[in-house]
Amino acid sequence: MDYKSNIAKLIKIDGLTENDVASMMMNVKDITMGDYCLPCFRFAKTLRKAPQLIAEEIASTIDLSVAPYLSKVEAVAGYLNFTVNKAFFAQNTIDRILKEGEAYGEDKVGEGKTICIDYSSVNIAKPFHIGHLLTTVIGGALYRIYKKLGYNVVGINHLGDWGTQFGKLISAYKRWGTREQIEQGSIRALLDLYVKFHDEAEKDPALEEEGRYYFKKIEDGDTEALELFSWFKEVTLREVGKVYDRLGIKFDSYAGESFYNDKMDAPLRALKDKGLLVESDGAEVVQLDDYSMPPCLLRKADGATLYATRDIAAAIYRKDTYDFDKCLYVVAYQQNLHFKQFFKVIELMGHEWAKDLVHVAFGMVSLLDDDGNPVSLSTRHGRVVFLEEVLDNTVRKARSIIEQKNPDLEGKDEIAENIGVGAVIYSALYASRIKDMTFSYDRVLNFDGETGPYVQYTYARCNAVLQKAPLNDSLPDYSALTSIEADELIRLLERYPQVIKEAGDKYEPSMVTRLVTDIASQYNKFYYQERIIGGDKGAEKARLNLTKATMQVIYNAFELLGIKTVDRM
Ligand code: ARG
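If you want it as structure tokens, here you go:
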């Protein structure tokens, strides 16, 4: 329930509406003083009275008997402080969570609105490596968060499937490749061919020419070239798809860069007509000096279009097709300039919706080896760590921890998969997205601290408590949940729906990760502080219901983040 607006209904101040009052209500910092407060300084001038007197006068008009959710109203130092009735708050919150179940956290704010999210956006025939972890899981989490908030969400994988490298790949394949090799070796085999092409081209520059020749064939729609090109794409997507399945990632569209081949003329012409597209050394650019940016290059001297040209066509296509209210691009901050430039070009074209394009930037990931040293990565030199390997390694390590701690556990493989993959996702969604992160196997699998396994362990603990509990049909006595530990836990559970909204507003799934971590750690404090099972039946039932509600919220939050919970571990 929305306490601030309910409390506002009790307060009458001349010239102010309920909404005005609700918007002035604040949270009390020191929870021993109350929960919500109304600062009365703001009325002193108009009412010509001291704030404390105003607070006292309002307090005397409030009838608590019509507000069972409050236990106290008090005028203190010019503030009107309200204390929520703990038993009422506990009952209200826990009942709501248990009643709504998986729907707890759902909202309608997004109804009738569309959000496009461009995320993961892998490159064909290139490794799907640890660097793609953040865009993939942040994008996936935002996708689910907006769905929860009622938006119509369109997930787009803007594939990197265009460029001269595909001509080179065809040339390399025809010279050195076989069908079986590629079918079996998948992206690695394609990468090997690509690396070999570059090595050989250093000795024999004619190869570059051959690469261009095949790329031209793709552009001209030559059947054989196109067939090979789409086969490379299929092989790449098949392998990437396995990782998406493990991470719980879905897309509504795979329209990549090549999809826009025939959609760039119109915007280029529009830019030319507006006098925005100008020639520069044979190339065509939009000058952005006025905005302190280098020119946005849209066509090279040889006529080739660029990444930015395709992004401009894609944004226009998405607006026409989906009529989005917002279009998000979950892409590393290294591409800040690219997004600023092409957003500006769209604005200069006169599209007022340019303001709805948002670059959701994030930091870099570096990997630490088992000794804690950074692993140096370079696609060009073939030093890449595939995301799939990172998942496999984490799952293997999770499995060996289970083997040590709980060798008789049933369903070890599936549990290890959920813990390992969950640990990787969690680590990517814990810090604010703009921070650079280092990935260390030891750290993500640490069972205490801010990790996926820690939260999963708490979930399994809740489950164990409920399994152990004797049958208890008594009415819960929520007045038994008044310890600081229980109260703080209930407050955290109650904040969950609000936090989802904030995470959506700020494009920051980490807010959900942090809340669920706080919930887990607070549950453990409650668990150590109070004996959950035993004693008065009504009180026991209240503690069990709180345990159930905690499980539900952990489950819901993890589902949003794309992490599977485990019943035991
Ligand atoms: N494929 C690009 C890369 O790996 C990311 C594409 C992001 N999306 C976009 N519309 N530019 O760098």
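The numbering of the sequence shown is this note's numbering, which starts it at 531 and goes up by one. Even glycine gets a Cβ: it sits at the ideal position worked out from N, Cα and C.
- Note that the stretch 788–803 touches the stretch 833–844; at least 3 beta-carbon pairs, one per stretch, sit closer than 8 Å.
- Arg829 and Gly812 have their alpha carbons spaced roughly 9 Å apart.
- Tyr566 and Val558 have their C-alpha atoms roughly 5 Å apart.
- Taken in chain order, the complete beta strand (DSSP E) segments of 3 or more residues contained in the stretch 699–740 number zero; there are none.
- Contact between Lys870 and Met823 is confirmed by a C-beta separation of about 6 Å, below the 8 Å threshold.
- Nearest C-alpha to Glu1015 among Met1081, Ala1050, Pro1006, Gly893: Ala1050.
- Contact check for Leu664 against Gly893 passes: the beta carbons are separated by less than 9 Å.
- Nearest C-alpha to Leu827 among Val815, Ser650, Gly833: Val815.
- For Pro1027, the enclosing alpha helix (DSSP H) begins and ends at 1014–1036.
- DSSP, read as helix, strand or coil, puts Met531 in coil.
- Nearest neighbour of Ile846 by Cα position, chosen from Asp795, Gly805, Tyr649, His728, turns out to be Asp795.
- The stretch 635–645 and the stretch 653–663 do not touch, with fewer than 3 CB-CB distances between them shorter than 8 Å.
- Contact annotation: the stretch 686–703 does not touch the stretch 964–974, with fewer than three C-beta pairs closer than 8 Å.
- DSSP links Tyr609 through a beta bridge to Pro569, Val606.
- Bridge pairing for Phe969: Leu897 [DSSP].
- Inside the stretch 836–896, DSSP marks whole beta strand (DSSP E) runs of 3 or more residues at positions 856–862, 887–892, from first to last along the chain.
- Excluding its 5 nearest sequence neighbours in each direction, Leu628 has C-beta neighbours in its own chain below 8 Å: Asn1075, Lys1078, Ala1079, Gln1082, listed in chain order.
- Three or more Cβ pairs drawn from the stretch 691–700 and the stretch 739–758 lie within less than 8 Å of each other, which places the two stretches in contact.
- Residue burial is scored here from C-beta neighbours: Lys733 has fewer than 16 other C-beta atoms within 10 angstroms and is therefore classed as exposed.
- For the pair Lys638 and His728, the Cα-to-Cα distance works out to about 53 Å.
- Here DSSP, grouped into helix, strand and coil, assigns Met823 to coil.
- Taking the C-beta atoms as reference points, Val954 is found nearer than 9 Å to Gly982.
- Asn536 has its alpha-carbon roughly 46 Å from the corresponding atom of Phe969.
- For Ile686, the secondary structure class from DSSP, reduced to helix, strand or coil, is strand.
- Setting aside the 5 residues that flank it on each side, Ala1087 is surrounded in the same chain by Val1042, Val1046, each with a C-beta closer than 6 Å to its C-beta; the list follows chain order.
- Taking the C-beta atoms as reference points, Arg963 is found nearer than 9 Å to Val890.
- Excluding sequence positions up to five before and after Gly680, its CB lies within less than 7 Å of the CB of Asp637, Lys638, Val639, Gly640, Glu641, all in the same chain and listed in chain order.
- In the structure shown, Val614 falls within a strand segment according to DSSP collapsed to helix, strand and coil.
- For Leu689, the shortest C-beta to heavy atom distance toward ligand 1 is below 8 Å.
- Annotation for Val816: the continuous beta strand (DSSP E) segment containing it runs 813–816.
- Nearest Cα to Asp532 within the set Ile561, Met563, Ala597: Ala597.
- Looking at Thr666, Arg1061, Arg572, Lys539, the one whose alpha-carbon comes closest to that of Val861 is Thr666.
- Tyr634 sits close to Pro1027, with the two beta carbons spaced by under 9 Å.
- Taking the Cβ atoms as the reference, Tyr1037 lies roughly 19 Å from Leu777, outside the contact range of under 8 Å.
- If the five residues before and after Tyr1008 are omitted, its C-beta is found closer than 6 Å to the C-beta atoms of Ala617, Ala620, Gln621, Ala1072, all from its own chain and listed in chain order.
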